[in-house]
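Visitor: In the working numbering, the protein residues as written are 1 to 285.
Note that the Cβ used here is the ideal one computed from N, Cα and C, for glycine as well.
1. Under a Cβ-count criterion, where at least 16 other Cβ atoms within 10 Å of its own Cβ denotes burial, should residue 117 be classed as buried or exposed?
2. Taking Cβ positions, are residue 180 and residue 59 nearer each other than 8 Å?
3. Could you give the distance in angstroms between the alpha-carbon of residue 93 and the alpha-carbon of residue 84?
4. Drop a sphere of 10 angstroms on the beta-carbon of residue 35, count the other beta-carbons inside from all chains shown, and report buried for 16 or more, exposed for fewer.
5. Taking Cβ to Cβ, would you say residue 246 is nearer than 8 Å to residue 186?
6. Roughly how far, in whole angstroms, is the beta-carbon of residue 51 from the beta-carbon of residue 81, given that I think they are within contact range, below 8 Å?
7. Could you name the residues of the same chain whose beta carbon sits closer than 7 Å to that of residue 19, not counting the 5 residues immediately before and after it, in chain order?
8. Using three-state DSSP, classify residue 179 as helix, strand or coil.
9. Looking only at its own chain, which residues have a Cβ that is under 6 Å from the Cβ of residue 96, when we skip the five neighbours before and after it?
10. Report the rounded CA-to-CA distance for residue 170 versus residue 124, giving the unit in angstroms.
11. Helix or strand or just coil, what does DSSP make of residue 116?
12. Roughly how many angstroms separate the alpha carbons of residue 232 and residue 42, rounded to a whole number?
13. So, using beta-carbon positions, are residue 56 and residue 86 closer together than 8 Å?
14. For residue 37, collect the residues of the same chain with a Cβ closer than 8 Å to its Cβ; drop the 5 residues on either side in sequence, then sort them by chain order.
15. Under 7 Å Cβ to Cβ from residue 127, same chain only, skipping five residues before and after it: list those, please.
16. Mind the definition here: the region 103 to 111 touches the region 146 to 159 only if three or more C-beta pairs lie below 8 Å; say whether that holds.
17. Straight-line CA distance for residue 209 to residue 141?
18. Quick one, which of 228, 258, 249 has its alpha-carbon nearest residue 76's?
19. With DSSP collapsed to three states, give me the class of residue 104.
20. Report the residue ranges of all alpha helix (DSSP H) runs contained in full by the region 67 to 96; include only those spanning at least 4 residues, in chain order.
In structure tokens, the structure reads:
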């Protein structure tokens with residue numbers, strides 16, 4: 001792995017930091033606009049968004065980002081933060097729902113039409129999002145792109161942004177809190193998640209046995225183990241959220257099915273012999 005000049009890294013840190021601040025300001029501008037329109041915004045979503053930006057910033061800026069250029073375990077720690085944990089927190093921030101609440105009705109309808117469009121349907125499908133996420137990892141670590149990334153601070157930043165966006169799409173396609181007109185069924189999402197976890201785990205084992213060019217064996221093994229076990233922790237959170245949403249959805253479906261059942265009239269109570277005799281006597285038969 002390669003070292004880099006402090007001036008270039010400082011410039012990229014400023015660029016990345018400005019991007020994080022701009023996204024934070026845009027989000028909280030939406031919160032203010034939504035509240036002015038009488039549509040409050042839950043604090044838990046805002047907290048998740050702030051936490052997601054903080055995790056992403058930790059991977060893009062500061063000591064971890066600087067160490068990632070020369071140390072494979074540090075690089076892999078940054079990958080787990082930027083590609084797995086930060087996307088989960090950002091998705092929990094529900095930015096699309098916030099935009100729909102904050103925008104004027106006409107603008108909100110335009111955004112809704114975009115969400116229903118074919119391109120959005122393609123990229124937001126779990127299969128497409130999983131391929132974009134997992135295949136990108138395989139391409140990066142098994143081709144000369146990894147050496148190019150470690151040799152160029154700008155390309156390193158670009159790759160991190162790519163994995164942040166790809167991770168966001170993947171998580172949103174599985175457990176998104178935002179509206180998704182093309183949401184896949186829970187069985188499809190669960191199957192895609194299992195396949196993606198397998199692809200991620202197999203890559204970690206491959207890197208353990210076949211380190212990328214220029215990476216010392218000890219660093220490659222440490223980084224691969226971090227990728228494998230740290231990825232399992234992030235995946236466990238994702239699995240838990242998916243199962244919880246599936247359980248709640250099944251409960252709501254059961255409640256709707258029960259409410260839709262016709263209400264039958266109570267059956268007449270059986271009469272004993274004495275009641276039948278009195279009834280016959282009153283009828284004069």
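Guide: Taking the structure as given:
1. Numbered from its first residue, the chain shown carries residue 117 at position 117. By the neighbour-count rule (16 or more Cβ atoms within 10 Å), residue 117 is not buried but exposed.
2. Position 180 of the chain shown, counted from the start, is the residue given in the question as residue 180. Position 59 of the chain shown, counted from the start, is the residue given in the question as residue 59. It is not a contact, given that the beta carbons lie outside the stated cut-off.
3. Here residue 93 corresponds to residue number 93 of the chain shown, with the count starting at 1. Here residue 84 corresponds to residue number 84 of the chain shown, with the count starting at 1. So the two alpha carbons sit approximately 15 Å from each other.
4. The residue given as residue 35 occupies position 35 in the chain shown. Counting Cβ neighbours within 10 Å, residue 35 comes out exposed, since fewer than 16 surround it.
5. Counted from its first residue, the chain shown places residue 246 at position 246. Counted from its first residue, the chain shown places residue 186 at position 186. Yes.
6. Taking the first residue of the chain shown as 1, we reach residue 51 at position 51. Taking the first residue of the chain shown as 1, we reach residue 81 at position 81. Residue 51 to residue 81, Cβ: 11 Å. No contact.
7. Numbered from its first residue, the chain shown carries residue 19 at position 19. No residues qualify anywhere along the chain.
8. Counting from one through the chain shown, the residue named residue 179 turns up at place 179. In the structure shown, residue 179 sits in coil (DSSP, three-state: anything other than H, G, I, E or B).
9. Against the chain shown, residue 96 aligns to sequence position 96. 178, listed in sequence order.
10. The sequence position of residue 170 within the chain shown is 170, counting from 1. The sequence position of residue 124 within the chain shown is 124, counting from 1. About 8 Å.
11. The residue you call residue 116 lines up with position 116 of the chain shown. Residue 116: coil per DSSP, three-state reduction.
12. Stepping through the chain shown from its first residue, residue 232 is reached at position 232. Stepping through the chain shown from its first residue, residue 42 is reached at position 42. Using only the alpha carbons, I get a separation of about 30 Å.
13. By 1-based counting over the chain shown, the position of residue 56 is 56. By 1-based counting over the chain shown, the position of residue 86 is 86. The answer is yes: Cβ separation under 8 Å.
14. Counted from its first residue, the chain shown places residue 37 at position 37. Closer than 8 Å at the Cβ level, and outside the excluded window around residue 37, lie 101, 102.
15. Looking up residue 127 in the chain shown gives position 127. The answer, listed in chain order, is 192.
16. no
17. Walking along the chain shown from the start, residue 209 turns up at place 209. Walking along the chain shown from the start, residue 141 turns up at place 141. C-alpha separation (whole angstroms): 13 Å.
18. As a working mapping, residue 76 is identified with position 76 in the chain shown. Looking at the Cα atoms, 228 is the closest of the given residues.
19. Position 104 of the chain shown, counted from the start, is the residue given in the question as residue 104. Residue 104 falls in the coil class under three-state DSSP.
20. 72 to 80, 86 to 92
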